[in-house]
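Novice: Numbering (full-length UniProt numbering), first residue to last: 1 to 62.
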Amino acid sequence: MAGLHRTGRQVDAEVLAHIWPIHHENVRFYGTHSVDIDGELAQLDTDGYRPLRLAGVAPLSS
Numbered sequence: 001m002a003g004l005h006r007t008g009r010q011v012d013a014e015v016l017a018h019i020w021p022i023h024h025e026n027v028r029f030y031g032t033h034s035v036d037i038d039g040e041l042a043q044l045d046t047d048g049y050r051p052l053r054l055a056g057v058a059p060l061s062s
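1) Compare the beta carbon distance of L41 and R50 with 8 Å and say whether it is the shorter of the two.
2) Nearest-angstrom Cα distance between D38 and R6?
3) Starting from D38, trace the alpha helix (DSSP H) both ways and give me its first and last residue.
4) Along the alpha helix (DSSP H) that carries A13, what are the first and last residues, could you check?
5) Checking 8 Å against the spacing of the C-beta atoms, do M1 and V15 come in under that value?
Shown next, in the form of structure tokens:
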């Protein structure tokens, strides 16, 4: 971001909220990622794939 600001480019805060990793709870500022491995594995089918998400259907919260 500093490079963009040095060149005079502005990025809307609304856009940053979607791309800036510090705004996501599972991504830590220093690069440590937390993942619920058991929860992720439990979502896989017998072939090792997640089920497809249907368009317009909200994902189930855990």
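We put the CB at the ideal spot given by N, CA and C, even for glycine. The structure displayed is predicted, hence computed values, not measured ones.
Specialist: With the structure as the only source:
1) Taking C-beta atoms as the reference points, L41 and R50 fail to come closer than 8 Å.
2) C-alpha of D38 to C-alpha of R6: approximately 44 Å in a straight line.
3) Going by DSSP, D38 is part of the alpha helix (DSSP H) stretching over 37–42.
4) A13 -> alpha helix (DSSP H) spans 13–19.
5) Contact flag unset, no.
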